[in-house]
Amino acid sequence: MVKILYVEDNFQNFRLVTRMLMREPEGYEIIQAPDGKTALKLAAEWRPDLILMDINLPDIDGEEVTRRIKANPDLQHIPVIALTANVMVGDRERYLEAGCDGYLGKPIMREQLREALHRFLSPNGKGKSKPGSNATAAPPPPRLRTAGQGNDRHPPTVE
Ligand SMILES: [Mg+2]
Numbered sequence: 000m001v002k003i004l005y006v007e008d009n010f011q012n013f014r015l016v017t018r019m020l021m022r023e024p025e026g027y028e029i030i031q032a033p034d035g036k037t038a039l040k041l042a043a044e045w046r047p048d049l050i051l052m053d054i055n056l057p058d059i060d061g062e063e064v065t066r067r068i069k070a071n072p073d074l075q076h077i078p079v080i081a082l083t084a085n086v087m088v089g090d091r092e093r094y095l096e097a098g099c100d101g102y103l104g105k106p107i108m109r110e111q112l113r114e115a116l117h118r119f120l121s122p123n124g125k126g127k128s129k130p131g132s133n134a135t136a137a138p139p140p141p142r143l144r145t146a147g148q149g150n151d152r153h154p155p156t157v158e
């Protein structure tokens, strides 16, 4: 089971997202942290695979919770996706600066949520990629030229 910690003080939102995730075939286990302190405790003890982070929380805000998680060497590999209705200019940049790996605006749409989870939980996207890891990646397989693609006799130079 993929373990998801959802930091959210609004139970309606938690229930909505839980319902979306329960319908997914991957099998998600989702736990709610209703405030920042509980979020930090559960992140350390439960070790989720991914954290959905509401920004407006009753105690420590989601940005600060994220900052503390990302400052902890044991937890900093966990992807954090910010969820918030705040879409003021500069907000997105602030969340990313705090260490959030991604951002989803509220209301949460099922398709966007699913896409974000797949992106951050896929084998390639999970955790931080190590420096130089791209250098060891296998080259892409040669493309077969098929009918209808015969116009580019001189493919563009790859820099
Ligand atoms: Mg909230």
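Numbering (numbering that gives the first Met the number 0), first residue to last: 0 to 158. Note that beta-carbon positions come from the ideal geometry of N, C-alpha and C, so glycine has one too.
Same chain, Cβ closer than 6 Å to residue i, neighbours up to 5 away in sequence not counted
i, result
"Lys69", "Gln75 and Gly98"
"Ile29", "Ile3, Tyr5, Thr17 and Leu20"
"Leu56", "Asp8, Asp34 and Gly35"
"Val79", "Ile50, Met52, Thr65, Cys99 and Asp100"
"Asp48", "Val1 and Lys2"
"Leu15", "none"
"Ala231", "Past the edges of the chain, shown from 0 to 158, lies residue 231, and the structure says nothing about it."
One or two residues paired with residue i in a DSSP bridge
i, result
"Val79", "Ile50"
"Glu28", "Lys2"
"Tyr94", "DSSP lists no partner for Tyr94."
Span of the beta strand (DSSP E) around residue i
i, result
"Lys2", "Val1 to Val6"
"Arg104", "One point to set straight first is that residue 104 is Gly, not Arg, in the sequence displayed. Per DSSP, Gly104 belongs to the beta strand (DSSP E) from Gly101 to Gly104."
Close Cβ partners of residue i (< 8 Å) along its chain, the five nearest in sequence each way excluded
i, result
"Val86", "Gly104"
"Asp58", "Asp34, Gly35 and Lys36"
"Thr135", "Note that Thr135 scores 39 on pLDDT, short of 50, meaning its location in the model is unreliable and no value can be drawn from it."
Beta-carbon contacts of residue i that lie in its chain and below 7 Å, excluding the five residues immediately before and after
i, result
"Arg67", "Leu39"
"Phe13", "Tyr5, Glu7 and Gln31"
"Glu23", "Arg113"
"Gln111", "Leu103"
Residue range of the alpha helix (DSSP H) that includes residue i
i, result
"Leu56", "Where Leu56 is concerned, there is no enclosing alpha helix (DSSP H), given that its DSSP letter is neither H nor E."
"Asn9", "No alpha helix (DSSP H) holds Asn9; DSSP gives it neither H nor E."
"Arg113", "Arg109 to Leu120"
"Leu41", "Gly35 to Trp45"
"Glu23", "Taken as a continuous stretch (DSSP letters only), Glu23 belongs to no alpha helix (DSSP H), as it is neither H nor E."
(message) Run the Cβ filter for me: residues under 6 Å from any heavy atom of ligand 1, listed in the order they occur in the chain.
(response) Asp8, Asn9, Asp53, Asn55 and Leu56
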